[in-house]
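Working notes, structure below.
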Amino acid sequence: MSSINNSEDEYSTKKAISYSFASVADVNAFQMFSFLIFTFYFAVVGLPVLLITIGFVIWSFWNAINDPLLGIISDRTSSKWGRRKPYIIGALGPLCLVLILLWTPPIGSSEIIIFIYFMIMIFLFDTFYTMYSLNQTSLFPEIFTNVEDRAKANQFVQSFNIIGLIFATLVPSFFIPQYDNPKYFSNYTIAAIVMAILTLIFAAIFIKFGLKERKEYSQDPLSAPPFFKALKMSFKNKAFRQYVIANFGIWYVFGIIPTIAPLYGSFVLNIKDSFLISLLLAATFIVAALSMVMWQKIYLRLGVKNGLRLGFISLIIALLPFMFVSDLIGGLIAFICAGIAFAGVLFGRDMSMAAIVDYDESMSGIRREAGYYGINALIIRLTTIAIFLTISLVFTSVGWAIFTPENVTPEIIFGLRLLMFLFPALAMGLGLLSMSFFPITKEKYEEIKQKIESMHSEKREKTRI
Numbered sequence: 000m001s002s003i004n005n006s007e008d009e010y011s012t013k014k015a016i017s018y019s020f021a022s023v024a025d026v027n028a029f030q031m032f033s034f035l036i037f038t039f040y041f042a043v044v045g046l047p048v049l050l051i052t053i054g055f056v057i058w059s060f061w062n063a064i065n066d067p068l069l070g071i072i073s074d075r076t077s078s079k080w081g082r083r084k085p086y087i088i089g090a091l092g093p094l095c096l097v098l099i100l101l102w103t104p105p106i107g108s109s110e111i112i113i114f115i116y117f118m119i120m121i122f123l124f125d126t127f128y129t130m131y132s133l134n135q136t137s138l139f140p141e142i143f144t145n146v147e148d149r150a151k152a153n154q155f156v157q158s159f160n161i162i163g164l165i166f167a168t169l170v171p172s173f174f175i176p177q178y179d180n181p182k183y184f185s186n187y188t189i190a191a192i193v194m195a196i197l198t199l200i201f202a203a204i205f206i207k208f209g210l211k212e213r214k215e216y217s218q219d220p221l222s223a224p225p226f227f228k229a230l231k232m233s234f235k236n237k238a239f240r241q242y243v244i245a246n247f248g249i250w251y252v253f254g255i256i257p258t259i260a261p262l263y264g265s266f267v268l269n270i271k272d273s274f275l276i277s278l279l280l281a282a283t284f285i286v287a288a289l290s291m292v293m294w295q296k297i298y299l300r301l302g303v304k305n306g307l308r309l310g311f312i313s314l315i316i317a318l319l320p321f322m323f324v325s326d327l328i329g330g331l332i333a334f335i336c337a338g339i340a341f342a343g344v345l346f347g348r349d350m351s352m353a354a355i356v357d358y359d360e361s362m363s364g365i366r367r368e369a370g371y372y373g374i375n376a377l378i379i380r381l382t383t384i385a386i387f388l389t390i391s392l393v394f395t396s397v398g399w400a401i402f403t404p405e406n407v408t409p410e411i412i413f414g415l416r417l418l419m420f421l422f423p424a425l426a427m428g429l430g431l432l433s434m435s436f437f438p439i440t441k442e443k444y445e446e447i448k449q450k451i452e453s454m455h456s457e458k459r460e461k462t463r464i
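Under numbering that gives the first Met the number 0, the letters of the sequence shown match residues 0 to 464, in that order.
And the structure:
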């Protein structure tokens, strides 16, 4: 029994890397969507910003049901393949297909037809993406069971996340010479096909070598609460309540920066080459990857709560140059500074959620990762409403409700600057305030860890491991 336990519990670099391929596939798909969906439908297809905003608001209501429901269903699943594996494998093919179809609206049709197509595609994309994403992320606290192993594994996970971000920002630029030019409409489809293939390859590596579920949790679905009770239990968890507010701020920033970056690069920094714009974002992510070792040490020293708070403060300061830079060199410096701070916030996300799941298990006796990740996914999607309402408000206020590249005023330039700094800084301030009330301190987590280790030993005995 001991040797099996040690084998499953023991940290290894191979285990961390194998699991991390799931993140590359995840980020590769979602960040292409986040990075280019607005620019494509606004600047290339010509859909008014108001219709795009309405579409994402409606989409978010669907997420209010879809995301937590998929998470709770996963927690209650008991099959010979496990709780997570059937959904991860089942979602992958449709996700890759929809990733391509997103960029093939019926050009030449009426605005309403294009809007309906847009709505159907983003609904399908989110459904299959959530099915894949929340199940693979739910495995992180299950595979890596203590804070030291999670910190080491998270360094690989976040570095692989950044590889996915680099692919999502750089690869499309190889096929799309100018992101906001309608004549490159068909190039988006070619780029999407390549991205779908990459997503499939990375996910297949994860499924083959990194998809592992613990036997001692196999009986947890029998005790998992029904939908509404699970929601109530999740929101009774103070740590989770504080974290989802902070995570709302995180995903608001991670959503609005890449969404606005193509237009910011084109009209504020006067860069017309899409590859150079993508290179700025890639520089951010490369610097973030190099900064992970530093942030790992900070989190181990300060704990999750104070580590994430420091990340928020760093990012507020790092985004300030976007209000002033006006050329390629200045933009490069600004994006590099942002990368150092981005790493601190990225590193804290999964560490925080893992601590919350452990905290919940110490009180309830069962693991409910997917339930939490499902509700968390809902909060992430709600940021989309905030993002596009912000963009719509700013663009309408500065006279850019319809894309007119030949008539870019100083007010439009100022609006783009505000979208890159002021609104993200406010979101980070919200996260900083919320994490100040996060109850899981470094000392508190040590108590939780001891309690759940005892519970896991009992579960192993019951499953005869």
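Backbone N, C-alpha and C fix where the C-beta goes; we use that ideal spot for every residue, glycine too.
Just so it is clear, the structure is predicted and the values come from calculations on it, not from any experiment.
My guess is that residue i and residue j are in contact by the Cβ rule of under 8 Å, so how many angstroms apart are they, rounded?
{"i": "TYR128", "j": "LEU94", "result": "6 Å"}
{"i": "PHE159", "j": "PHE32", "result": "Contact doesn't hold; Cβ gap of about 18 Å is too wide."}
{"i": "ALA21", "j": "LEU98", "result": "The pair is not a contact, with the Cβ atoms about 16 Å apart (cut-off 8 Å)."}
{"i": "VAL252", "j": "MET427", "result": "6 Å"}
{"i": "LEU309", "j": "GLY343", "result": "6 Å"}
{"i": "PHE166", "j": "SER17", "result": "Rounded, the Cβ-Cβ distance is 19 Å, inconsistent with contact."}
{"i": "ILE184", "j": "ILE106", "result": "According to the sequence displayed, residue 184 carries Phe and not Ile. Right, the Cβ-Cβ distance comes to about 6 Å (below 8 Å), so this counts as a contact."}
{"i": "TYR10", "j": "PHE143", "result": "7 Å"}
{"i": "GLY248", "j": "VAL26", "result": "In fact, because the Cβ distance is near 19 Å, the residues do not count as touching under 8 Å."}
{"i": "LYS448", "j": "VAL146", "result": "7 Å"}
{"i": "ALA191", "j": "TRP102", "result": "5 Å"}
{"i": "SER233", "j": "TYR371", "result": "6 Å"}
Go ahead and label residue i buried or exposed: buried means 16 or more other beta carbons lie within 10 angstroms of its beta carbon, across all protein chains shown.
{"i": "GLY209", "result": "buried"}
{"i": "THR38", "result": "buried"}
{"i": "ASP74", "result": "buried"}
{"i": "ILE87", "result": "buried"}
{"i": "GLN295", "result": "buried"}
{"i": "ASP326", "result": "exposed"}
{"i": "GLY430", "result": "buried"}
{"i": "THR258", "result": "buried"}
{"i": "THR12", "result": "exposed"}
{"i": "PRO171", "result": "buried"}
{"i": "SER78", "result": "exposed"}
{"i": "PRO465", "result": "This structure leaves residue 465 out entirely; the chain is present only between 0 and 464."}
{"i": "LYS14", "result": "buried"}
{"i": "LYS207", "result": "exposed"}
{"i": "GLU446", "result": "exposed"}
{"i": "ASN153", "result": "buried"}
{"i": "THR403", "result": "exposed"}
{"i": "ILE401", "result": "exposed"}
{"i": "MET130", "result": "buried"}
{"i": "TRP80", "result": "exposed"}
{"i": "GLU368", "result": "buried"}
Is the beta carbon of residue i within less than 8 Å of some heavy atom of the ligand ADP?
{"i": "LEU431", "result": "Although the ligand ADP was asked about, the structure shown includes no ligands whatsoever."}
query = With a cut-off of 8 Å, do at least 3 Cβ pairs link the stretch 440-448 to the stretch 257-269?
reply = No: the two stretches stay apart, fewer than three of their Cβ pairs being nearer than 8 Å.
query = If we count Cβ pairs, one from each stretch, closer than 8 Å, do we get three or more for the stretch 388-406 versus the stretch 415-432?
reply = Three or more Cβ pairs drawn from the stretch 388-406 and the stretch 415-432 lie within less than 8 Å of each other, which places the two stretches in contact.
request  = Entirely within the stretch 237-291 and at least 3 residues each: give me those beta strand (DSSP E) ranges in chain order.
outcome  = Entirely contained in the stretch 237-291, not one beta strand (DSSP E) run reaches 3 residues.
query = Should the stretch 351-362 be called in touch with the stretch 31-51, which here means at least 3 C-beta pairs below 8 Å?
reply = No, they do not touch.
query = How about the stretch 407-418 and the stretch 289-299: do they share at least three Cβ pairs that are nearer than 8 Å?
reply = When Cβ pairs closer than 8 Å are counted between the two stretches, the stretch 407-418 is seen not to touch the stretch 289-299, the count staying below three.
task = Could I get the ranges of all uninterrupted beta strand (DSSP E) runs contained in the stretch 379-440, with 3 residues as the minimum, in chain order?
result = The qualifying runs do not exist here; there are none.
query = Which parts of the stretch 14-97 are runs of the beta strand (DSSP E), unbroken and 3 residues or longer, counting only runs that do not cross its ends?
reply = Listed in chain order, there is nothing to give.
message = Check whether the stretch 317-326 and the stretch 179-188 touch, using three or more Cβ-Cβ pairs below 8 Å as the test.
response = At 8 Å Cβ cutoff, the stretches do not touch.
task = Evaluate contact between the stretch 373-382 and the stretch 58-67, counting only Cβ atoms and requiring at least three cross-stretch pairs below 8 Å.
result = Counting Cβ pairs under 8 Å, three or more are found: they touch.
ask   = Touching or not, the stretch 342-355 and the stretch 325-333, by the rule of three or more beta carbon pairs under 8 Å?
value = With a cut-off of 8 Å, the stretch 325-333 and the stretch 342-355 do not count as touching, because too few Cβ pairs lie within range.
key: At least three beta-carbon pairs within less than 8 Å, the stretch 299-314 to the stretch 268-279   = The stretch 299-314, when compared against the stretch 268-279, does not touch it at the 8 Å Cβ threshold.
inquiry  = With three or more C-beta pairs closer than 8 Å as the rule, is the stretch 235-250 touching the stretch 132-147?
reply    = Taking 8 Å as the limit for Cβ pairs, the verdict is that the stretch 235-250 does not touch the stretch 132-147.
request  = May I have a chain-ordered list of the beta strand (DSSP E) segments no shorter than 3 residues that lie completely inside the stretch 300-360?
outcome  = Listed in chain order, there is nothing to give.
ask   = Mind pulling the beta strand (DSSP E) runs of 3 or more residues that sit fully within the stretch 148-216?
value = Scanning the stretch 148-216 from its first residue to its last, no whole beta strand (DSSP E) run of 3-plus residues comes out.
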